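Chain order of the listed sequences is P and G. The letter at position 680 of the first sequence is residue 680 when you use our numbering, and the numbering goes up by one with no holes. The letter at position 23 of the second sequence is residue 1023 when you use our numbering, and the numbering goes up by one with no holes. Note that the Cβ used here is the ideal one computed from N, Cα and C, for glycine as well. These numbers were taken from a predicted model, which means no experiment stands behind them. In what follows, a structure is listed as structure tokens, so that the remarks can point back to it.
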Amino acid sequence: MAARDLHGIGAPWGDRSPGDPENRAFEVIGKPHRKVDGLAKATGRAQYTDDLVLPGMLHAKTLRSPHAHARIVAIDTTRAQALPGVHAVITGRDLPIQYGVIPWTQDENALAVDKVRFVGDAVAAVAAVDEDTANAALKLIRVEYEPLHAFLDPEESLARSEPRIHDDSKTGNVSKHVRLDFGDVETALASADVVLEGDYVFHGTTHAAIEPHCALAQWSAEGLLTVWSSTQITHYVQRALAKVLELPIHKIRVIQPALGGAFGGKSDPFSLEFCVAKLAMLTGRPVKMLYTREEVFYCHRGRHPMQLHYRTGASKDGKIAAVDAKILIDGGAYSSFGLVTTYYAGQLLTGPYHFPNYRFDSTRVFTNKPPCGPKRGHGSVQPRFAFEVQLDELAERIALDPIELRRRNFQGDFTRTVNGQRITSNGFLACLDEVERASGWRARRGKLGFGRGLGVAGSMSISGTNYPVYPNKMPQAGIQLAAERSGRVTVFTGGNDIGQGSNSVVAYVVAEELGMDVADVRVVAADTDLVPVDLGAYSSRVTFMVGNATIDAARKLRASIVLAIAKEWQVDAARVRMANGRVFDTESTERSITTAEAFQIAEAHCDTLGSTGSYNTPTLGGDYRGGTIGASPAYSFTAHVVEASVDVETGRITCHAVWIAHDCGRALNPMLVAGQMEGSAYMGIAEALLEEHGVNRFGLHAGPSLLDYRIPTSVDTPELAALIVESLDPEGPYGAKEAGEGPLHPSLPALSNAIFDAVGVRLRELPFTPAKVLRALAEKDARSAPVARGRA
Amino acid sequence: MRVLNLLINGDRVEVAAPEHWTLLEVLRYELGLTGSKQGCDKGDCGACTVLLDGKPVLACLTLAALCEGRAVTTIEGLLPAHVKAGGTGPDPVQAAFDECGALQCGFCQPGMMLSARALLDRNACPTRAEIKDALAGNLCRCTGYTQIFEAVELAIARRIGIEPAPRAWEAQRMPADEAERRAREFAEARERQKEPR
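Here it is, written out as structure tokens:
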């Protein structure tokens, strides 16, 4: 059932406790409950993929390309195969079928066939009795390469189509090009009072989840393949395995154990999942592969480097008239989610501000570098950085307060964007009010003295997308519930809990709807043999879609229980209520039984107790090619104020505080929402100040370790203040929207804007290293020096 | 191979392992104590942190052979030790991490909680700055650290029997003066604990 049928504008909770931080109208929702897996993780009991051991298990390792771009002339594995303890060696010939997460751009092989396309591309895999033997065997594999010209600069990939990184490409080394026009940009820019034009650079960053990728496979005598994997999308891994291994999909079981962080970096099917499966089938033994930290950096799928050119026209009172964007995207060696990235780079900019004319022209090219993919805020963090810095420049030009500028351009709620996306609830103005208040903006901005400043930025993000990556009419989220006479309810969900707490959210929803204790709800998740299909953890879809599917299932189960009790008591069903672990008659409250007793009566009346629920989005999006990409059933909105200081001697920036106001609809658990907001802002500031996924002129990663790729420690992280804004959404579960990705976006531009307030320089190129700061300060001094001399 | 005698979570164990194995390999591969995590295997991330004679060390950089006869505490050892000492349920640090939302993916947290445990064992009432310093060797990618600091402070508050300062997200949802009062009272109580009696 679609949420629109369930809820609608007059949703049953529409007027329940608006503005009440205690959420007194709810028993579970809106309260800081523990997570269902919290204590398992706290005590070391939770099992992650690499914690699993099967009897007779072999260990596998991957041989990787030392060349950025080369043809494979020959591979000789005979010496490796002869090494005692080695059970199997495979190469691209063993897994020739291509895959890729987007059905139209499947250009990956588990192991390279004929060509390698980046340093680190997988070439062969070995299964052996232990890791040491597998590593020794890799050294015995002889690969003869014929090096090819390596493309490391996206401009060159745009200009030169030979040699082709993908031989069968019909567009040279261009991965995807999208140009969309809305309104009349040129006319609007020509008549605008103010036009700003600028270039911005996003450098490329990676996820750096602390758990490295790991997969374990078992092939049974019955012909069933089981793969445990650190994936955030079990369903897509299952589909890709079926294709590559040519097995019926129902013979494949994919299980996601506890997952040690993902952030988008475990969304693609990865080489290791196919390799362990194939090696298990060849050897008849369970096979595990764990990537080293270095391999994780090379497998990447991180945030795309982008070169962005923006023109923004506005009236002198600050109303945006037109936006024109041209974006060059460095995709790395494979397509991954790149088709979507190329659209998202333009499609997701059209809020929270109204502008009547918009054009974007984005081109993603292939280069011989680790492939890029989705990272928290997929495709939209880079354009948001550029645009929000340009808005700050606009505010400066027309001498308007930057928060006021953003207020003036607010698009409103229940409206439609210039590119045809439907906006429902929109709490952006409240977000601006909150960060303005909490940061002391009016009293402090521009008044902290030279070297210290405040900056603001806003953003919009999606709560899932209406378009599944493979077109089909089936539900995007499915839930099954089983209740039994002990009083326990089990939820079966295909949602992937990657640490964001999705398993907890489904338990909270069931507990709320059935008036139960959360502890009496068990969750079975992300095991394709046991749960209904769900599209997994990406695009911030889980709370919205799985939450709605859970409400659907829980209300059906409640209806059947209530009906049975009403029959038993011979009263009208409207009088039977489930709350506080009991079922009672609202007109005669002394008539009251426990949930378990109610389940027993219902089981006697009905049958084994269970229900199913599902969610599908309504039809959304603009009526043009690509119009559904970026279409979401609900958008979240965010505003940040960042406080930062600059040491003008060293160029070193210190970020002191981030005030994060995020409209997440209803916060189903404010503690978990705050955790997402804090973690997002931390990651955004880190990308602006410290992190760089750099590749040198040989195609080698500049520092593939957690020491050289500098992620912030506890002492590097600024003070983070999470200001939760709740604009109840008519279609979200209890009014909820997303919270996991939106709150990252404004961190980067708000920091740049704070630096402008602090020292008067605009940083348009990320990351903000001391060298760049000093250069900008020197340029500013050079500009002002003649004036100073003139005055003297 | 080398035979090692270790005191693991209070139990004497004899284990044979290759000479070059690290303590992390012995814990995970020989003893099945997989609560200690491998995030980098290079001493960068801190996920493998265990206590060696009560002090936090990186198990991935500690040669197992150097641990002969020494006491190792892993995350699996905290709850049983707490129960043995007369407590109920998990160690107060573990309970506080759970209650404060500090466990998102949870992968870095065994090491983080052991660093926090070691801090509280040597300094019962650390300040926020001291907590940050003590946890600086444990990288967390999910939380932004705030809820981790709040968890350690909840454990401190419980120990000295006062109300903790409101958590950052709670403070934003209550009147500003109330949030300030509670933060001040917590800071004062913590300071009093530090003063020599």
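Whole-number beta carbon distance between residue j and residue i, since they are thought to touch under 8 Å
{"i": "residue 122(P)", "j": "residue 136(P)", "result": "About 18 Å separates the two Cβ atoms, so there is no contact after all."}
{"i": "residue 100(P)", "j": "residue 107(P)", "result": "6 Å"}
{"i": "residue 1046(G)", "j": "residue 1058(G)", "result": "7 Å"}
{"i": "residue 313(P)", "j": "residue 340(P)", "result": "Not quite, the Cβ-Cβ distance comes to about 29 Å (not below 8 Å), so this is no contact."}
{"i": "residue 198(P)", "j": "residue 390(P)", "result": "6 Å"}
{"i": "residue 301(P)", "j": "residue 336(P)", "result": "6 Å"}
{"i": "residue 87(P)", "j": "residue 283(P)", "result": "5 Å"}
{"i": "residue 451(P)", "j": "residue 648(P)", "result": "6 Å"}
With 16 other Cβ atoms within 10 Å as the buried cut-off, status of residue i
{"i": "residue 1021(G)", "result": "buried"}
{"i": "residue 474(P)", "result": "exposed"}
{"i": "residue 867(P)", "result": "Only positions 1 to 792 of chain P appear in the structure, and residue 867(P) is not among them; the question remains open."}
{"i": "residue 717(P)", "result": "buried"}
{"i": "residue 733(P)", "result": "buried"}
{"i": "residue 349(P)", "result": "buried"}
{"i": "residue 327(P)", "result": "buried"}
{"i": "residue 219(P)", "result": "buried"}
{"i": "residue 434(P)", "result": "buried"}
{"i": "residue 466(P)", "result": "buried"}
{"i": "residue 618(P)", "result": "exposed"}
{"i": "residue 472(P)", "result": "exposed"}
{"i": "residue 753(P)", "result": "buried"}
{"i": "residue 149(P)", "result": "exposed"}
{"i": "residue 682(P)", "result": "buried"}
{"i": "residue 570(P)", "result": "exposed"}
For residue j and residue i, the rounded distance between their alpha carbons
{"i": "residue 113(P)", "j": "residue 168(P)", "result": "13 Å"}
{"i": "residue 233(P)", "j": "residue 1184(G)", "result": "45 Å"}
{"i": "residue 517(P)", "j": "residue 529(P)", "result": "28 Å"}
{"i": "residue 781(P)", "j": "residue 721(P)", "result": "35 Å"}
{"i": "residue 383(P)", "j": "residue 297(P)", "result": "24 Å"}
{"i": "residue 352(P)", "j": "residue 45(P)", "result": "43 Å"}
{"i": "residue 596(P)", "j": "residue 511(P)", "result": "13 Å"}
{"i": "residue 1081(G)", "j": "residue 1051(G)", "result": "13 Å"}
{"i": "residue 80(P)", "j": "residue 1011(G)", "result": "42 Å"}
{"i": "residue 1048(G)", "j": "residue 448(P)", "result": "42 Å"}
{"i": "residue 462(P)", "j": "residue 265(P)", "result": "18 Å"}
{"i": "residue 442(P)", "j": "residue 412(P)", "result": "24 Å"}
{"i": "residue 456(P)", "j": "residue 405(P)", "result": "11 Å"}
{"i": "residue 371(P)", "j": "residue 237(P)", "result": "18 Å"}
Residue-level contact to chain P via CB, residue i, 8 Å cutoff
{"i": "residue 1166(G)", "result": "no"}
{"i": "residue 1067(G)", "result": "no"}
{"i": "residue 1141(G)", "result": "yes"}
{"i": "residue 1023(G)", "result": "no"}
{"i": "residue 1040(G)", "result": "yes"}
{"i": "residue 1135(G)", "result": "yes"}
{"i": "residue 1144(G)", "result": "yes"}
{"i": "residue 1060(G)", "result": "no"}
{"i": "residue 1007(G)", "result": "no"}
{"i": "residue 1056(G)", "result": "no"}
{"i": "residue 1113(G)", "result": "yes"}
Interface flag, residue i vs chain G, CB-CB below 8 Å
{"i": "residue 50(P)", "result": "yes"}
{"i": "residue 706(P)", "result": "yes"}
{"i": "residue 254(P)", "result": "no"}
{"i": "residue 780(P)", "result": "no"}
{"i": "residue 70(P)", "result": "no"}
{"i": "residue 723(P)", "result": "yes"}
{"i": "residue 671(P)", "result": "yes"}
{"i": "residue 137(P)", "result": "no"}
{"i": "residue 301(P)", "result": "no"}
{"i": "residue 711(P)", "result": "yes"}
{"i": "residue 232(P)", "result": "no"}
_Quick test of the definition: if touching needs 3 or more C-beta pairs under 8 Å, does the stretch 1013-1021 of chain G touch the stretch 1090-1099 of chain G?_
no
*Touch check for the stretch 411-419 of chain P and the stretch 499-514 of chain P: three-plus C-beta pairs under 8 Å?*
no
*Could you run through the stretch 341-354 of chain P and flag, in chain order, every residue whose CB is less than 7 Å away from some CB of chain C?*
In summary, chain C is missing from the structure at hand, where the protein chains are P and G.
_Any contact between the stretch 625-643 of chain P and the stretch 744-752 of chain P? By contact I mean 3 or more CB pairs, one from each, below 8 Å._
yes
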